[in-house]
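Undergrad: One structure coming up, written as structure tokens, with questions to follow.
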Amino acid sequence: MLSSSQTAKRAIVDRTALVCQEASLIGEITVGAGCVLHPKCRIIAETAPIILGRNNIIEENAVIINKGPSPLLIGDENIFEVASKIEASRVGHQNIFEARSHVRTATMIGSNCVIGQASQTGEAEQIPDKTVIYGSRLDRRVQHMNDAHHINLHARHLEYLREILPKYNHLRPSGQV
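Residue numbers for the sequence shown follow this note's numbering, so the first one is 1165 and each next one is one higher.
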């Protein structure tokens, strides 16, 4: 449960981040440069801060929550798709959390991982770099994708969102929200 001092804390948002008015930021949160937060996404720093790196995309109904004792550090260029739920203790760079995926409490996610649609991790797992979790049996494999292609695609996705979202949504001012 959030204490009254935590609910009073405000998010610090980089001036280049795009945060829709209907996004929910609760607790001590830092939003890095170039991040895009869609309407209805929720970031909840329940017990310790959440620090988002650069150029992350958090889509509608995605939930990122920190229930652990340490800050939740999220790297750069991750995408949290619709209705994904993240309770991790750490997230690396360039990961994809597909729709309705669930990363359970105290799990550490490496970099360049994919948590597939409606897939989940166990609690307190360590997911190595380039791991893909997919399917109803939660199969796992190592991916061998072209990193340059992924980075280019993510950059184009951000560019598109920065153009379209302000046309159809009210935005929060940058700085403290």
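We treat Cβ as the ideally placed atom computed from N, Cα and C, and that holds for glycine.
1. What residue does the beta strand (DSSP E) around L1302 start on, and which one ends it?
2. Could you name the residues that DSSP lists as bridge partners for H1266?
3. From the beta carbon of A1187, is the nearest beta carbon of chain C less than 8 Å away?
4. State yes or no: is the C-beta of A1226 within less than 8 Å of the C-beta of V1246?
5. To which residues of the same chain is I1193 closer than 6 Å at the C-beta, ignoring the five residues directly before and after it?
6. Quick one: what's M1272 bridged to in DSSP?
7. From this set, H1266, H1318, Y1332 and D1293, which residue's C-alpha is nearest G1274's C-alpha?
8. With a 10 Å radius around its C-beta and 16 neighbouring C-beta atoms as the bar for buried, classify A1319 as buried or exposed.
9. If I follow the unbroken alpha helix (DSSP H) through R1206, where does it start and stop?
10. Mind checking which residues open and close the beta strand (DSSP E) that includes L1322?
11. Out of Q1185, A1212 and A1181, state which residue places its alpha-carbon closest to the alpha-carbon of K1173.
12. Does the beta-carbon distance from A1197 to A1181 come in below 8 Å?
13. Among L1216, Q1185, I1238 and Q1258, which residue has its Cα nearest to the Cα of D1178?
14. Starting from C1199, follow its DSSP beta bridges and name the residues at the other end.
15. What do you reckon, are the CB atoms on I1297 and S1283 nearer than 8 Å?
16. Round the Cβ separation of A1263 and Q1281 to the nearest angstrom and send it over; I've been treating them as touching at under 8 Å.
17. Identify, in the order they occur along the chain, each residue of the same chain with its Cβ nearer than 8 Å to the Cβ of L1329, setting aside the five sequence neighbours on each side.
TA: If we stick to the structure as given:
1. Counting from one through the sequence shown, the residue named residue 1302 turns up at place 138. Per DSSP, L1302 belongs to no beta strand (DSSP E) and is neither H nor E.
2. Your numbering for residue 1266 matches position 102 in the sequence shown. H1266 is bridged to K1249 and Q1284.
3. In summary, chain C is missing from the structure at hand, where a single protein chain is found.
4. Walking along the sequence shown from the start, residue 1226 turns up at place 62. Walking along the sequence shown from the start, residue 1246 turns up at place 82. Result yes, Cβ atoms of A1226 and V1246 sit closer than 8 Å.
5. On the sequence shown, residue 1193 is found 29 positions in, with the first residue counted as 1. Listed in chain order, the non-local C-beta contacts of I1193 below 6 Å within the same chain comprise A1175, I1207, A1209 and I1214, local neighbours out to five positions each way being set aside.
6. Position 108 of the sequence shown, counted from the start, is the residue given in the question as residue 1272. Paired residue(s): R1254 and Q1290.
7. As a first step, residue 1274 must be located in the sequence shown, where it is residue number 110. Across the set H1266, H1318, Y1332 and D1293, the C-alpha of D1293 shows the shortest separation from the C-alpha of G1274.
8. Position 155 of the sequence shown, counted from the start, is the residue given in the question as residue 1319. Counting Cβ neighbours within 10 Å, A1319 comes out exposed, since fewer than 16 surround it.
9. Along the sequence shown, read from residue 1 onward, the residue named residue 1206 stands at position 42. Not the alpha helix (DSSP H): R1206 falls in the beta strand (DSSP E), residues R1206 to A1209.
10. Here residue 1322 corresponds to residue number 158 of the sequence shown, with the count starting at 1. For L1322, there is no enclosing beta strand (DSSP E); the residue is found in the alpha helix (DSSP H) stretching over D1311 to Y1332.
11. Counting from one through the sequence shown, the residue named residue 1173 turns up at place 9. Of the candidates Q1185, A1212 and A1181, the one whose C-alpha sits nearest the C-alpha of K1173 is A1212.
12. Position 33 of the sequence shown, counting from 1, holds the residue named residue 1197. Position 17 of the sequence shown, counting from 1, holds the residue named residue 1181. The criterion of a C-beta distance shorter than 8 Å is satisfied by A1197 and A1181.
13. As a first step, residue 1178 is located in the sequence shown; it is residue number 14 there, counting from the start. It is L1216 whose Cα lies nearest to the Cα of D1178.
14. For the purposes of this step, residue 1199 is taken as residue 35 along the sequence shown, with counting starting at 1. Looking at the DSSP output, C1199 sits in no beta bridge, so it has no partner there.
15. Start at 1 with the first residue of the sequence shown, and residue 1297 comes out as number 133. Start at 1 with the first residue of the sequence shown, and residue 1283 comes out as number 119. Cβ atoms of I1297 and S1283: closer than 8 Å.
16. Reading the sequence shown from its first residue, position 99 is the one you call residue 1263. Reading the sequence shown from its first residue, position 117 is the one you call residue 1281. Indeed they touch by this definition, with Cβ atoms about 5 Å apart.
17. As a working mapping, residue 1329 is identified with position 165 in the sequence shown. Within the same chain, and ignoring the five residues on either side of L1329 in sequence, the residues whose Cβ sits closer than 8 Å to its Cβ are L1182, C1184, V1200, H1202 and L1335.
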